[in-house]
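For the sequence shown, UniProt numbering gives the first residue as 1, with consecutive numbering after it.
Glycine is no exception: its CB is placed at the ideal position from the N, C-alpha and C atoms.
This one's a predicted model, so the numbers in the text were calculated from it and none came from an experiment.
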Amino acid sequence: MIEVEIVGVRIELPSNQPLVLLREMHGERHVPIWIGTPEASAIALAQQGVVPPRPMTHDLLVDVVESLGHSVVSVNIVAVEDNIFYGQLQFENGTTVSSRASDALAIALRAKCRIWCADSVMDEAGVRITEHDEGEDTEPNPTVDEERELRRFREFLDDVEPEDFDG
């Protein structure tokens with residue numbers, strides 16, 4: 001398994017299809033996952049630190065798990081078949097529960113747990129976003145680095161189609 005982090009969520013035009021982008025923590029590859037609009041909103045809100053006045057579904061699930069004395073210790077992206085990504089919640093007692101990848105990622109942000117991607121998923125769906133910018137600072141500050149990453153992601157998305165990930 002490869003540890004990944006969520007880079008962000010974006011709506012792809014002209015299809016208006018949201019996707020979430022994962023990036024391996026110690027490498028160059030990214031995994032784009034097309035997701036539903038509610039899950040995209042849930043992920044984006046959590047990334048922005050927005051706390052709704054009443055718990056949304058993913059908040060509720062994490063609250064229930066914690067109220068029962070358990071915790072989600074990791075989220076795993078375990079498989080991709082026909083462009084459908086499969087997730088899994090891992091609990092502290094070793095129990096795992098199957099999940100849609102998008103729901104698992106929304107829960108990971110709320111549970112503040114690590115996210116792992118199976119090597120086979122990274123090998124099949126992972127892409128490298130190449131460096132297009134010349135003359136950049138060798139040690140950019142985090143804000144500049146994040147902006148550059150987002151710009152490269154958008155450039156990548158301009159040319160990618162879901163069919164590009166067919167086996």
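Just to confirm the assignment, what range does the alpha helix (DSSP H) spanning Ile107 have?
The sequence position of residue 107 within the sequence shown is 107, counting from 1. Here the alpha helix (DSSP H) through Ile107 covers Ala101 to Ala111.
Alpha-carbon to alpha-carbon, Pro38 and Trp116:
Your numbering for residue 116 matches position 116 in the sequence shown. Your numbering for residue 38 matches position 38 in the sequence shown. Rounded to the nearest angstrom, the gap between the Cα atoms of Trp116 and Pro38 is 22 Å.
Can you give the beta carbon distance from Glu3 to Arg23, rounded, assuming they're within the 8 Å contact cut?
Locating residue 3 in the sequence shown gives position 3, where the first residue counts as 1. Locating residue 23 in the sequence shown gives position 23, where the first residue counts as 1. Their Cβ separation, rounded to whole angstroms, is 10 Å, which puts Glu3 and Arg23 out of contact at 8 Å.
Contiguous alpha helix (DSSP H) assignments of at least 4 residues, all confined to the UniProt domain "BFN" (1-129)
Within the UniProt domain "BFN" (1-129), the complete alpha helix (DSSP H) runs of at least 4 residues are 37-47, 57-67, 101-111 and 119-125.
Confirm, please, whether the CB-CB distance from Ile43 to Ala106 is below 9 Å.
By one-based count along the sequence shown, residue 106 stands at place 106. By one-based count along the sequence shown, residue 43 stands at place 43. Yes, the Cβ-Cβ distance between Ala106 and Ile43 is below 9 Å.
Under 8 Å by Cβ, that's how I've got Leu21 and Trp34 pegged, so tell me the actual separation to the nearest angstrom.
Position 21 of the sequence shown holds residue 21. Position 34 of the sequence shown holds residue 34. With 8 Å as the limit, Leu21 and Trp34 do not qualify as a contact, their Cβ atoms being about 11 Å apart.
Relative to the C-alpha of Val73, which candidate in Ala125, Gln88, Asn83 and Pro52 has its C-alpha closest?
By one-based count along the sequence shown, residue 73 stands at place 73. Comparing Cα positions, the closest option is Gln88.
Determine whether the beta carbon atoms of Gly126 and His30 lie at a separation below 9 Å.
Position 126 of the sequence shown, counted from the start, is the residue given in the question as residue 126. Position 30 of the sequence shown, counted from the start, is the residue given in the question as residue 30. Yes; because the gap between Cβ atoms is below 9 Å, this pair is in contact.
CA-CA distance, Val65 and Glu81?
Translated into the one-based positions of the sequence shown, residue 65 becomes position 65. Translated into the one-based positions of the sequence shown, residue 81 becomes position 81. Straight-line Cα distance between these residues: approximately 29 Å.
Selected residue, minimal CA-CA separation from Val57, among Asp103, Cys113, Pro14 and Val50
Within the sequence shown, the letter at position 57 stands for residue 57. Per the sequence shown, residue 57 should be read as Thr rather than Val. Taking only the C-alpha atoms, the option nearest Thr57 is Asp103.
Looking at Ser67 and Phe91, is the spacing between their C-beta atoms short of 9 Å?
For the purposes of this step, residue 91 is taken as the residue at position 91 of the sequence shown. For the purposes of this step, residue 67 is taken as the residue at position 67 of the sequence shown. Against a cut-off of 9 Å, the Cβ pair of Ser67 and Phe91 comes out as no contact.
Rounded C-beta distance between Ala118 and Met1? I'm assuming under 8 Å.
In the sequence shown, the residue the question calls residue 118 occupies position 118. In the sequence shown, the residue the question calls residue 1 occupies position 1. Between Met1 and Ala118 the Cβ distance is about 6 Å, and since that is below 8 Å, they are a contact.
Whether Asp63 touches Pro52 by CB criterion (9 Å)
Taking the sequence shown and counting its residues from 1, the one referred to as residue 63 is at position 63. Taking the sequence shown and counting its residues from 1, the one referred to as residue 52 is at position 52. The answer is no: Cβ separation not under 9 Å.
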